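Asks: Under the numbering used here, the first residue of the sequence shown carries the number 11, and numbering increases by one thereafter.
Every residue gets a Cβ at the ideal spot worked out from N, C-alpha and C, and that includes glycine.
Remember, it's a predicted structure, so these values are computed and weren't measured experimentally.
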Amino acid sequence: MSACAHLTRLSVLACSATAVLVVGLGTAIAAPTPSPSAPGTPTPAVATTSATPTSAPSKGTPASASPTQRPTATSTTAGSTPSAGPAATRMGAVANPPTLAENQLVIGVSGAPIGESLDVWVVIGGDGSGASATADRRGNATLIVRPPNRRWPSGALATYEVNGLDSGQVVRGTVRFPNYGGANGGATSSPSATRFQVSLSAPQTSHADVPFKVTGLRPGDFIDVDGGIERAGVEAGYHYELRAGADGTVSGRIPAPTEGWLPGQAYSFTFSANGQVSSHRFVGPQQRRTESQSGGGAPGKTGGADHSGGLAKTGW
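1) Going by other Cβ atoms of all chains shown within 10 Å of its Cβ, with 16 needed for buried, is GLY165 buried or exposed?
2) Would you give the residue range spanned by the beta strand (DSSP E) that THR280 belongs to?
3) Locate the beta strand (DSSP E) running through GLN207, then write down its first and last residues.
4) Just how far apart, CA to CA, sit GLY136 and ARG160?
5) My output table needs one value for SER142: the three-state DSSP class, helix, strand or coil.
6) Please classify SER289 as buried or exposed, where buried requires at least 16 neighbouring CB atoms within 10 angstroms.
7) Would you mind reading off the limits of the beta strand (DSSP E) that contains LEU167?
8) Is it true that the CB of VAL172 sits closer than 8 Å to the CB of VAL130?
9) Quick one: is PRO273 buried, meaning 16 or more other Cβ sit within 10 Å of its Cβ, or exposed?
10) Touching or not, the region 220 to 236 and the region 176 to 184, by the rule of three or more beta carbon pairs under 8 Å?
11) Does GLN286 come out as helix, strand or coil in the three-state DSSP assignment?
12) On the three-state DSSP scale, how would you describe LEU272?
13) Taking 8 Å as the cut-off, does the region 107 to 121 touch the region 215 to 224 (at least 3 CB pairs, one atom from each stretch)?
14) If you follow the beta strand (DSSP E) that SER2 is part of, which residue opens it and which one closes it?
15) In the DSSP output, what is PRO221 paired with across the bridge?
16) How is the beta strand (DSSP E) around PHE187 delimited, first residue to last?
17) Going by Cα to Cα distance, which pick from GLY140, GLY102, ARG147 and GLY174 is closest to PRO158?
18) Would you mind reading off the limits of the beta strand (DSSP E) that contains SER127?
19) Using the Cβ count rule (16 or more neighbours within 10 Å means buried), how would you classify PRO107?
20) Looking at GLU251: is its Cβ nearer than 8 Å to the Cβ of SER278?
21) Determine the closest residue to ARG156 out of LEU110, PRO123 and GLU126, with distance taken between C-alpha atoms.
Below you can see the structure in the form of structure tokens.
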């Protein structure tokens, strides 16, 4: 019995040991099981992070579109600059040769900036003469150029250059003078030479105003009156702008200079409108006005009632 009991105890112990071993192995085998599954867990995380680069290029797409829009805006700006250039250089000039060789050359400027300072230089046969003016509120100006040698050569061709001193605009052109006749080279203009007509009466006294009347204009037309003493190197001292009435006529008076019309001195005046020019000339009267002759009238007034719409004095 003791031997059997002893064998039984050994058997139980062996079974216990086996159970312990099985349990131990089970535990040992079960322990590594979560270990391999742990590396598998980051795999989805890697997949998630791999999606991040996918979103990065999508962010880069708007960034790449931004430079595309920037050159587009630049090219648009550059394109507007040249288009503004021609619009800024729209100044034009027309030269009207005088009908008398001793009279001034009239150059009308249009399209200049308001208040632009302008000058012109005319070259003919190696000689030159210049003038200056300022553009009015309509961008127009009249440049009065005196002949370089007291008279323009008959039939000669001259070149001129008008400069805008503020804007830098330049207009160049040529003008041919007519064939002047007569001993003085001064044939008077025919009525058909201009579309409008001017009648001007020479002053009878040294301080009398000079009445004139312009007909044949269109209603609302502007006409420029320029002139003064006829002397080399002396700028035109008189300038006025008038507007035709509903009947296409303009009436006015040229006031005498402060010192009066000088006896025997030649004066010339130019009327220009719509590219047409009419020149007129007279000589100062020999008789100087005195207070007794004038009847105490104010200087520059004729003494009688004025219905022609006189012009303001210019101080020349």
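Replies: Quick look at the numbers:
1) Exposed, since its Cβ has fewer than 16 Cβ neighbours within 10 Å.
2) Residues 276 to 283.
3) First-last of the beta strand (DSSP E) with GLN207: 207 to 210.
4) Their backbone Cα atoms lie some 15 Å apart in a straight line.
5) Residue state, collapsed to three classes: strand.
6) In this structure SER289 is buried. Its beta-carbon is surrounded by 16 or more other beta-carbon atoms within 10 angstroms.
7) LEU167 -> beta strand (DSSP E) spans 167 to 174.
8) Going by beta carbons, VAL130 and VAL172 fall inside the 8 Å limit.
9) Answer is exposed; the Cβ neighbour count stays below 16.
10) When C-beta atoms of the region 220 to 236 are compared with those of the region 176 to 184, fewer than three pairs fall below 8 Å, so the two segments do not count as touching.
11) Taken through DSSP and simplified to helix, strand or coil, GLN286 comes out as strand.
12) The three-state reading of DSSP puts LEU272 in coil, since its state is none of H, G, I, E or B.
13) Note that the region 215 to 224 does not touch the region 107 to 121; fewer than 3 beta-carbon pairs, one per stretch, sit closer than 8 Å.
14) Nothing about residue 2 can be read from this structure; the chain reaches only from 11 to 326.
15) Paired residue(s): ARG263.
16) Annotation for PHE187: no beta strand (DSSP E) segment contains it, and DSSP assigns it neither H nor E.
17) The shortest C-alpha to C-alpha distance from PRO158 to any of GLY140, GLY102, ARG147 and GLY174 is the one to GLY140.
18) Counting along the chain, the unbroken beta strand (DSSP E) around SER127 starts and ends at 127 to 134.
19) Under the 10 Å beta carbon count, PRO107 is surrounded by 16 or more other beta carbons and is classified as buried.
20) For the 8 Å CB-CB criterion, GLU251 and SER278 do not form a contact.
21) Nearest C-alpha to ARG156: LEU110.
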